[in-house]
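Those protein sequences? They're chains A, B and C, same order as listed. Using this note's numbering, the first residue of the first sequence is number 1, and each one after it goes up by one. Using this note's numbering, the first residue of the second sequence is number 1, and each one after it goes up by one. Using this note's numbering, the first residue of the third sequence is number 1, and each one after it goes up by one. Here's the structure we're looking at; comments come further down.
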Amino acid sequence: MPLLEVTDVSKRFGGVQALNGVTLGIEAGEIFGLIGPNGAGKTTLFNVISGVYYPDGGRVVLQGTDITGLKPHEICGRGIARTFQLVQPFAEMTVLDNVGAGRLFGREGREGRISLRRARDEARDLLRFGKLEGREVRRAATLTLSERKRLEMVRALATGPTLLLLDEVMAGLNQAEAEEMGEIVRALPQAMRLTVLFIEHNVRLVTGLCTRLAVLDYGQIIAQGEPEAVVRDEAVIRAYLGDRWARRMASRA
Amino acid sequence: MRRWAAGGLQGLAVAAGAGLLLALPQVATRDIVTAVFFALIFITLAVSYDILGGFLGYLNLGQGAFFGLAGYVLFILIVKVAFLQHLGPAGPALAVLAAVAFTALFARLAAYPLFQLRGAYFAMATFGLMLLLGHLITNLGGLTGGAYGLYIPTELYLPLRPAYTLALLLTGLSVALNALLARSRLGMGLQAIRQSELAAAAIGIDLFRYKSRALVLSSLPSALAGCLFALYSGYIDVQNMLGAEKTLFPVIMAMLGGSGTVFGPVLGGVIVRAIDVSLKNYLVLPVPALGIYGLILMCIGLFMPQGILPFFLRRRL
Amino acid sequence: MAPPAVQTVVELLLGGVSLGGLYGMMAFAFSLALATTRILNVAHGGFLVLGAALAMLFFRFLHLHFLLGTLLLLAIFLLVGLLFEGAFVRPLMGRPPHAVLVGSILVTFGFALALEAFLGFYWADLVDPQPSFTIPFPAPTLQVFGLTLSGTRLTILAIAMLTAGLFHLLLTRTKMGKAARAMSEDHEGALIIGINPRRLSIRIYLVGVVVTAFSGILYSTTAPLEPYSGLPLTMIALTIIVIGGVGSLPGALLGGVLVGTAEVLTTFLAGGAWAPVVYLLVFFLVLVVRPEGLFGVREA
């Protein structure tokens, strides 16, 4: 049985069909990549899984339990944590308290099971994992983008998830920073015993990192499977990596 | 080391201030004690306002609703429930408990419509809540005395000395509540919500539950302040319990002193009361007081959105 | 002659709908400014009061000629819009979202209170010890199928419908209207495609203040306005927005008619003192039962 099953999920905003019958199965322990052009519905899918949006149709099932339509804090309590495309650190809190808050309110800290002091202690270990040692007493707003992205990931980890949703954690980072982030993500399943579902733009980084890959376009999954196979898939190259990607690259340059 | 010294200094200053205020009725004239009593009432309102305004970042323009509602429930109980008047001092005490409990329940129920809203919409809705209470009280004359207000028997009036001591105690407790909140799980949750609701929900914070708790908590000191004020005055009407200044002062005080700090609202309260007393007693200006407060509010919004205390704290760093 | 009961019902409906049209006009001006600038103007209701007060001053006390007075009023309202936007809205626009929120509430709430206090104080001091702004407007009554219809209310209704039509044209046919719609649907997107938020905001406030102040004058032809009517009127505008949706013209009109009719019926059945209770209850009830608004999506 897959860890997470997304079945036939649809979501419409006004006249725009953001998701159109999306079905995905994610196995425990894998790093699953999700790619697709801007506006393809990747973040919308994350928002449906994490309870920010209620889908118009379809179901989200985690470890055999239907979690469709639960509120975000309830989803967190079931063991799904996430980061945001536009980073959302608690800007005025210290780095330590950001992660401490994850411990305190997350799945393992619910109902006051973890004291404030213990939450901060455990936060230190997690900060080391996210290569943020030495930043504990800084206000989150003063960190660099790369540090804020890692902080947000560590804060998500602090809640004690079984599934981690990462939304473009490498976007906006330079080559070295992106590779550092890639190493951390690669280590996640072993070190934290969890499953990763992540959205990324940089195809080269994705294919090197994930065990399986799916491509979302206009709210529909157009291909999924082994990364090498998906990237070579004719439909994907033509519909996405070919024309569109080429044009996007040209327009950026 | 510096931090420890600063903490000790702060503690010393608080202890000295409290001692001075406790001794005040022995040394000061009745007028001064009365003025400080009113100041304490308003400071309590400002400090409890800041649980929402400062910690959660939700502007409550209807803090006075809790003040006024508690005062009215208290007086209605005393006037309409006959046996309370035969219990001696226990009667009003029981009525105060009931009034505060009723106000807390009201706050909990008000959370349902209010927290459908955020930002400016929320602020305006809290103002609407205050308007609604005012109209209901005016219209339900049989219960509330309508435009005539309500009196309690003179023997139940709270004399100045005990009223002052109770107000001092209440203000102290209210400040202590905020100081505790700043170090607590609930306080941390509220601050997280203020800084990003999206992220707060994603790390497992039940937004509605935390916001409602903050609202109920902030209603308690305000309700007690309303009871104290009403018992001291012996007479209440819509103007003195739910008038514009009950809504205005907490916001101005907290904002001026520094919203989100434990002592900011206290500092702001002292400043605003000083301005108010001088406006009403010493300076005879050809301008209405309410207009001046409106202008102060505008100036804070335009030039000093963080308030006085954070302004200086940040400079020191 | 129609039976008295029918006459009463028709009178109430006409009263409700014309008041509703008036509410819809001023609520849409409020709504449009909110949708495009993201600043909730608590002082909005104050513009109605200001309009009524100035009109009363010009026509009843200074006996200005109708045309001259109207032109003078228009010029003053445009100036008020320009100054208000420049002094209070613009300085807030560059700040981060939370600062915009806190700043806008403090500034516009402060302005509303100051306006209320100064207007009441000086009017009582200089003009009339009992500040209450009314403007006589004796339009002839109309007889239709034996029913007597108030000419004043019919005129108000006609003007409200005309204004709604003009608003519709403004939104759909002009560059400014298209920019305003783009801005309210997708704030960031509109900025990216090069819409100038400052120029738009000035224009929105110019139109908004003029429409609102003139609806204040119309209001005062049927019921008196007082210096402290401003904040409750803003609350009415907010109620209408909660019902009809931010930035929606049909929503504002339908919400306006709903609130206006409720007010007139409540006044008839239970007395004027209960009218504000009813719209405030509607406001909180809609929030609990249908937080997304009765007709559409509300953004909060």
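Ideal Cβ placement from N, Cα and C applies to all residues, glycine included. These figures come from a predicted structure and were not determined experimentally.
Three-state class that DSSP yields for residue i in the structure shown
i	result
Gly184/A	Position check: residue 184/A holds Ile in this sequence, whereas Gly was assumed. Helix, per DSSP.
Val22/A	strand
Ser278/B	helix
Tyr157/B	coil
Thr217/A	The question names Thr, but residue 217/A is Asp in the sequence shown. Asp217/A falls in the strand class under three-state DSSP.
Glu5/A	strand
Val287/B	coil
Asp97/A	helix
Ser184/B	coil
Val262/B	coil
Phe115/B	coil
Closer than 9 Å at the beta carbon, the chain B residues around residue i
i	result
Phe47/C	Going along chain B, no residue has its Cβ under 9 Å from Phe47/C, so there is no contact; the nearest lies around 16 Å.
Thr159/A	Ala202, Ile203, Gly204
Gly102/A	Ile203, Gly204
Pro224/C	Those within 9 Å of Pro224/C in chain B number zero; the least Cβ separation is about 18 Å.
Gly112/A	Arg185
Pairwise C-alpha distance: residue j and residue i
i	j	result
Thr173/A	Gln195/B	It should be noted that the sequence gives Leu, not Thr, for residue 173/A. Distance between the alpha carbons of Leu173/A and Gln195/B: 24 Å.
Thr103/B	Leu143/A	44 Å
Gly243/B	Ser212/B	25 Å
Gly21/A	Phe129/A	37 Å
Leu169/C	Met176/C	11 Å
Leu319/B	Glu197/B	Coverage of chain B is limited to positions 1 through 317, which leaves residue 319/B absent and any answer about it impossible.
Gly225/A	Leu191/C	40 Å
Ile199/A	Ile205/B	24 Å
Val10/C	Gly146/C	12 Å
Ala252/C	Gly244/C	5 Å
Ala163/B	Gly11/B	26 Å
Gln191/B	Leu215/B	14 Å
Asp217/A	Ala171/A	19 Å
Leu114/B	Leu162/C	36 Å
Pro265/B	Thr155/C	52 Å
Any chain A beta carbon closer than 8 Å to residue i
i	result
Ile296/B	no
Gly189/B	yes
Met195/B	The sequence as given places Gln at residue 195/B; Met does not occur at that position. Yes, Gln195/B lies at the interface with chain A (some Cβ there is under 8 Å from its Cβ).
Arg185/B	yes
Contacts that residue i makes with chain A (C-beta to C-beta distance below 7 Å)
i	result
Arg198/B	Here residue 198/B turns out to be Leu, not Arg, going by the sequence shown. Within chain A, the residues near Leu198/B are Phe84, Gln88.
Under 8 Å from the C-beta of residue i: neighbouring residues of chain B
i	result
Val303/C	There is simply no residue 303/C to check, as chain C begins at 1 and stops at 300 in what is shown.
Arg155/A	Ala199, Ile203
Phe121/C	Val287, Pro288, Gly291
Short CB-CB distance (under 8 Å) between residue i and chain B
i	result
Glu92/A	yes
Leu45/A	no
Ser50/A	yes
Leu103/C	The displayed chain sequence assigns Gly, not Leu, to residue 103/C. Taking Cβ atoms only, chain B reaches closer than 8 Å to Gly103/C, which makes this a yes.
Ser18/C	no
Leu62/A	no
His98/C	yes
Gly69/A	no
Pro232/C	yes
Gly296/A	This structure leaves residue 296/A out entirely; chain A is present only between 1 and 253.
Interface partners of residue i on chain B, CB under 7 Å
i	result
Phe105/A	Gly189, Ile203, Gly204, Ile205
Pro72/A	Ala201, Ala202
Ala35/C	What Ala35/C touches in chain B: nothing, since even the nearest Cβ is about 13 Å away.
Phe111/C	Gly294, Met298
Met26/C	Within chain B, no residue comes near Met26/C; the closest Cβ sits about 15 Å away, beyond 7 Å.
Residue j beta carbon less than 8 Å from that of residue i
i	j	result
Asn60/B	Thr126/B	yes
Ala52/C	Phe109/C	no
Ala81/A	Pro2/A	no
Glu152/A	Thr83/A	yes
Pro310/B	Thr261/B	yes
Val60/A	Val6/A	yes
Leu69/B	Val96/B	no
Val87/A	Lys42/A	no
Short CB-CB distance (under 8 Å) between residue i and chain C
i	result
Ala192/B	no
Pro113/B	yes
Leu52/B	no
Closer than 7 Å at the beta carbon, the chain C residues around residue i
i	result
Met255/B	Leu106
9 Å Cβ cut-off: residues of chain C touching residue i
i	result
Thr138/B	Ala273
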